[in-house]
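S.K.:
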Amino acid sequence: MSAVIDDHGPAQDHAHGPAKGLMRWVLTTNHKDIGTLYLWFSFCMFLLGGSFAMVIRAELFQPGLQIVAPAFFNQMTTMHGLIMVFGAVMPAFVGLANWMIPLMIGAPDMALPRMNNFSFWLLPAAFALLISTLFMAGGGPNFGWTFYAPLSTTYAPESVTYFIFAIHLMGISSIMGAINVIATILNLRAPGMTLMKMPLFVWTWLITAFLLIAVMPVLAGVVTMMLMDIHFGTSFFSAAGGGDPVLFQHVFWFFGHPEVYIMILPAFGAISAIIPTFSRKPLFGYTSMVYATASIAFLSFIVWAHHMFVVGIPLVGELFFMYATLLIAVPTGVKVFNWVSTMWQGSLTFETPMLFAVAFVILFTIGGFSGLMLAIAPADFQYHDTYFVVAHFHYVLVPGAIFGIFASTYYWLPKWTGHMYDETLGKLHFWLSFVGMNLTFFPMHFVGLAGMPRRVPDYNLQFADFNMVSSIGGFMFGTTQLLFLFIVIKCIRGGPKAPAKPWDGAEGLEWSVPSPAPYHTFTTPPEIK
Amino acid sequence: MANSTAVKRLVLRLLLMVVVMFAFGFALVPIYDVMCKAFGINGKTAGQYEGEQVVDPTRQVRVQFLSTNAIDMVWEFYPKGDQLVVNPGAVNEMVFVVSNPTDHPMTAQAVPSISPAEAAQYFHKTECFCFTQQVLQPGQSLEMPMRFIVDRDMPKDVKHLTLAYTLFDITARHPPVAANAGKDETRLAR
Ligand code: HEM
Ligand SMILES: [Cu+2]
Numbered sequence: 000m001s002a003v004i005d006d007h008g009p010a011q012d013h014a015h016g017p018a019k020g021l022m023r024w025v026l027t028t029n030h031k032d033i034g035t036l037y038l039w040f041s042f043c044m045f046l047l048g049g050s051f052a053m054v055i056r057a058e059l060f061q062p063g064l065q066i067v068a069p070a071f072f073n074q075m076t077t078m079h080g081l082i083m084v085f086g087a088v089m090p091a092f093v094g095l096a097n098w099m100i101p102l103m104i105g106a107p108d109m110a111l112p113r114m115n116n117f118s119f120w121l122l123p124a125a126f127a128l129l130i131s132t133l134f135m136a137g138g139g140p141n142f143g144w145t146f147y148a149p150l151s152t153t154y155a156p157e158s159v160t161y162f163i164f165a166i167h168l169m170g171i172s173s174i175m176g177a178i179n180v181i182a183t184i185l186n187l188r189a190p191g192m193t194l195m196k197m198p199l200f201v202w203t204w205l206i207t208a209f210l211l212i213a214v215m216p217v218l219a220g221v222v223t224m225m226l227m228d229i230h231f232g233t234s235f236f237s238a239a240g241g242g243d244p245v246l247f248q249h250v251f252w253f254f255g256h257p258e259v260y261i262m263i264l265p266a267f268g269a270i271s272a273i274i275p276t277f278s279r280k281p282l283f284g285y286t287s288m289v290y291a292t293a294s295i296a297f298l299s300f301i302v303w304a305h306h307m308f309v310v311g312i313p314l315v316g317e318l319f320f321m322y323a324t325l326l327i328a329v330p331t332g333v334k335v336f337n338w339v340s341t342m343w344q345g346s347l348t349f350e351t352p353m354l355f356a357v358a359f360v361i362l363f364t365i366g367g368f369s370g371l372m373l374a375i376a377p378a379d380f381q382y383h384d385t386y387f388v389v390a391h392f393h394y395v396l397v398p399g400a401i402f403g404i405f406a407s408t409y410y411w412l413p414k415w416t417g418h419m420y421d422e423t424l425g426k427l428h429f430w431l432s433f434v435g436m437n438l439t440f441f442p443m444h445f446v447g448l449a450g451m452p453r454r455v456p457d458y459n460l461q462f463a464d465f466n467m468v469s470s471i472g473g474f475m476f477g478t479t480q481l482l483f484l485f486i487v488i489k490c491i492r493g494g495p496k497a498p499a500k501p502w503d504g505a506e507g508l509e510w511s512v513p514s515p516a517p518y519h520t521f522t523t524p525p526e527i528k
Numbered sequence: 000m001a002n003s004t005a006v007k008r009l010v011l012r013l014l015l016m017v018v019v020m021f022a023f024g025f026a027l028v029p030i031y032d033v034m035c036k037a038f039g040i041n042g043k044t045a046g047q048y049e050g051e052q053v054v055d056p057t058r059q060v061r062v063q064f065l066s067t068n069a070i071d072m073v074w075e076f077y078p079k080g081d082q083l084v085v086n087p088g089a090v091n092e093m094v095f096v097v098s099n100p101t102d103h104p105m106t107a108q109a110v111p112s113i114s115p116a117e118a119a120q121y122f123h124k125t126e127c128f129c130f131t132q133q134v135l136q137p138g139q140s141l142e143m144p145m146r147f148i149v150d151r152d153m154p155k156d157v158k159h160l161t162l163a164y165t166l167f168d169i170t171a172r173h174p175p176v177a178a179n180a181g182k183d184e185t186r187l188a189r
């Protein structure tokens, strides 16, 4: 008990509610407040990164250069990627972890509440720094979210140093967040909550946190090497001084591939809670889900060079990385089959969270299949750096990570706010997102296979129609998210009162506390049957 | 419930993991170099070759030469011929020409690369300007011989090699103090 209570801020005795005014949010050490902060921050970044995507789609609406200069276009693709990955998806999952993990394992708070506050407040600083580069002489980062050297070193804009520091801050924030999650899960579970009784969201987050601890330091290392190459005359990535730019790609993707799983595993966990609820059946194959998640995490460390099939790695290397990558489809398939089996013969209802969850299963699987196509090394020689890759990763990230976050939000919103959201508007949000997202990204498969390169502001006439469709879909998807904002605000401000357990098929400790969840929960640990 | 020493111990362990992984990121640099050398990947050629080989008159390999200037490099740089047909084991020579058209002294470094990459370890240079840096005075030009042996053990399916040099301007990093270039003390493994 003592660890948690001692760490409470001076203003908060555990019997009190939240402090008043703005300082409540600045100084808070309450897991629910911090979760809320993360979620709102993530949503702001989602809108900002999304508006950059609107610039990209507007420029690509027609062939030729119309709206922005190519140099600015490059900054848009780069910043869109960076902000969506580090600003929208990752913080959203940390926010969900903050809100839900203590409620799910019967803990009174996160294990390290003050560090929790710090890891959140690093993020606005990091992104202010990153976004400010757009206004600097020479412009912001323009080298792609993968910032390959020497584009990001020898040929980088002046502002690259700020980019590097921003990445360092984000890395520190993520690492602290991950340490907190692990410490909470391993130390604060209510008595009787054995590891194999934990909800899958907790499991997937535990594994994600270990991935973060393993690879965020490598990312910090690679940007540090860049910093040294740029300012201190080293030659890690400069061939002229005996270094090697290909080394950059190895180190980056050693981080980068696990990173893509960091962005999807927590969504797997949330979906594994939502599908059983609305199927009114327990999750099929709980144990195999845990092992599948662990195997995916393990395999993610030995497949990184599938992003580098064309750099000239030897044949055995191509074969190794090709087979290792294809192997990931096995545990991923186990998960998909388990979700489908959970729904099989269940009494399904399709409230908004379930709609997003079912779309997740179907569309994520499409992304998995295009991943398998890309994983075939000889085929990737054709697909690499085309819009096919863009289609692939948006199919795993939008209906995967983003729909996972939407589903989670609708699912737990009654618990957070004490109100039911507007179901009709929720469904409208789903259908517009579903149609918009497919309109945007499905045609990209075709233009990619036909050879349209990614990260270009202009393209050959033959791609014009498909690009116009993509842009229309993009505008539709983008605008729809304002509806989401409206739904959430409406739900916070009012709506039908939510009971403690608004979903009749739901399982788990979070539904045993009233809605909205009181400021302090589980100050005495619950009993686990 | 949780006691704070358990949390502290866990956090310390996790922090240790973070430090280890940060160091691992840097360890990837030498690991990469060793792997490239051990498996002859990435088309990196080794340093100066001291051995000798018996000529294999029954086999011929075509070696092509490419020269590229890295961006912003203004020197003229080219091989005198664009290809040679050689016998494995024999010592061959190709002369490369550089000249500095500017009005200030400059330092350059040429970086070689062989494709197909798996042939790199069978391509031995007994003399190469890429082992050193070049300093050229304004308007000076230089003929630089490059001698090499194609190994007799090179896999039979390789019939055609390309040796590509990229010339980098490193004046900023290595100001041309002396008229003659010295060996680079930094990590130049070629
Ligand atoms: C069955 C599972 C998967 C396989 C076999 C797979 C395979 C691949 C391959 C081979 C590439 C490189 C393509 C190229 O650049 O030529 C790639 C790119 C990518 N994948 Fe996947 N993938 C899978 C799942 C995922 C998931 C779950 C995510 C994220 C949630 C993801 C995110 C990405 C991203 C972001 C890129 C592009 C990176 C870039 O170049 O910007 N993939 N994938
Ligand atoms: Cu990958």
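Residue numbers (numbering that gives the first Met the number 0), protein chains in the order written: chain A, 0 to 528; chain B, 0 to 189.
Cβ coordinates follow ideal geometry from the N, Cα and C atoms, glycine included.
1) Looking at the structure shown, is B:Val214 part of a helix, part of a strand, or coil, going by DSSP?
2) Distance cutoff 8 Å, beta carbons only. Does A:Gly191 sit that close to anything in chain B?
3) With a threshold of 7 Å (Cβ to nearest heavy atom), would A:His79 be considered close to ligand 4?
4) Let me check understanding here. Comparing Cα to Cα, which of A:Gly473, A:Arg454, A:Ser172 lies closest to A:His383?
5) Identify the residues that DSSP records as bridge partners of B:Tyr77: which are they?
6) Taking 6 Å as the limit, tell me which residues put their C-beta closer than that to any heavy atom of ligand 1, in chain order.
7) Does the Cβ of A:Ile295 have 16 or more other Cβ atoms within 10 Å, making it buried, or fewer, making it exposed?
8) Rounded to a whole number of angstroms, what is the C-alpha to C-alpha distance between A:Trp98 and A:Ala505?
9) Check A:His418 in the structure and name its three-state DSSP category.
10) Indicate whether A:Ile184 and A:Ile66 have their beta-carbon atoms separated by less than 8 Å.
11) What are the start and end residues of each continuous alpha helix (DSSP H) run of 4 or more residues lying completely inside the region 466-495 of chain A, in chain order?
12) Say the cut is 7 Å; is the CB of A:Val310 nearer than that to a heavy atom of ligand 2?
13) Taking 7 Å as the limit between beta carbons, can you name the residues of its chain near A:Leu460, skipping five residues before and five after?
14) Residues in its own chain within less than 8 Å of A:Phe209 by CB, not counting five upstream and five downstream?
15) Which bits of chain B does A:His383 rub up against, with CB to CB less than 8 Å?
16) If you compare alpha carbons, which of A:Leu133, A:Ser340, A:Pro198, A:Phe465 is closest to A:Ala390?
17) For chain B, find out if any of its Cβ atoms is closer than 8 Å to the Cβ of A:Ile593; answer yes or no.
18) Is there at least one non-hydrogen atom of ligand 2 closer than 7 Å to the beta-carbon of A:His30?
19) Rounding to the nearest angstrom, what Cα-Cα distance links A:Gly311 and B:His159 in this structure?
20) Which residue comes first and which comes last in the beta strand (DSSP E) that contains A:Leu298?
21) For A:Tyr290, count neighbouring C-beta atoms within 10 Å of its own C-beta (all shown protein chains included) and say buried if the count is 16 or more, exposed if not.
22) I'd like to know whether the C-beta of B:Ile169 is nearer than 8 Å to at least one C-beta of chain A.
23) Using 10 angstroms around the beta-carbon of A:Ala70, count the other beta-carbons present and answer buried if the total reaches 16, otherwise exposed.
24) In this structure, does DSSP put A:Thr523 in helix, strand or coil?
25) Do you know whose CA, among A:Leu26, A:Gly48, A:Phe92, A:Val159, lies nearest A:Thr408's CA?
26) Please decide whether B:Leu160 counts as near chain A, where near means a Cβ-Cβ distance under 8 Å.
27) Regarding A:His256 and ligand 2, is the C-beta to nearest heavy atom distance less than 7 Å?
28) Helix or strand or just coil, what does DSSP make of B:Tyr164?
29) Taking A:Gly86 as the reference, which of A:Arg56, A:Ala127, A:Leu205, A:Asn179 has the closest Cα?
30) By DSSP, does B:His173 sit in helix, in strand, or in coil?
31) Just checking A:Val302 against ligand 2 - is the residue's beta carbon closer than 7 Å to any of the ligand's heavy atoms?
32) Taking A:Val568 as the reference, give the member of A:Ala110, A:Met75, A:Ala18, A:Val88 with the closest Cα.
33) Going along the chain, which residues of the region 172-200 of chain A sit with their C-beta nearer than 7 Å to a C-beta in chain B?
34) Kindly indicate which three-state DSSP category A:Ser340 falls into: helix, strand or coil?
35) Quick one: list the residues of chain A neighbouring B:Gly80, beta-carbon separation under 9 Å, in chain order.
36) For A:Met192, does the count of other Cβ atoms within 10 angstroms reach 16, so buried, or fall short, so exposed?
M.R.: Checking against the coordinates, here is how it stands:
1) The question about residue 214 of chain B has no answer here: the residues shown for chain B are numbered 0 through 189.
2) no
3) Among the ligands modelled here, namely ligand 1 and ligand 2, ligand 4 does not occur.
4) A:Arg454
5) B:Val96
6) A:Thr145, A:Val259, A:Met262, A:Ile263, A:His305, A:His306, A:Thr324, A:Ile327, A:Ala328, A:Thr331, A:Gly367, A:Gly370, A:Leu371, A:Leu373, A:Ala374, A:Asp379, A:Tyr382, A:His383, A:Val388, A:His391, A:Phe392, A:Val395, A:Leu396, A:Gly399, A:Ala400
7) buried
8) 17 Å
9) strand
10) no
11) none
12) no
13) Pro62
14) Ala177, Ile181, Ala296
15) In chain order: nothing, as chain B lies at least about 18 Å away.
16) A:Phe465
17) Missing from the structure shown is residue 593 of chain A; chain A here goes from 0 to 528 and no further.
18) no
19) 17 Å
20) Note, A:Leu298: premise wrong, no beta strand (DSSP E); alpha helix (DSSP H) at 285-298.
21) exposed
22) yes
23) exposed
24) coil
25) A:Phe92
26) no
27) yes
28) strand
29) A:Ala127
30) coil
31) yes
32) As displayed, chain A neither begins before 0 nor continues past 528, which places residue 568 of chain A out of reach and without an answer.
33) Ile174, Ile178, Ile181, Ala182, Leu185, Asn186, Leu187
34) helix
35) The contacting residues do not exist; B:Gly80 stays about 25 Å from chain A at best.
36) buried
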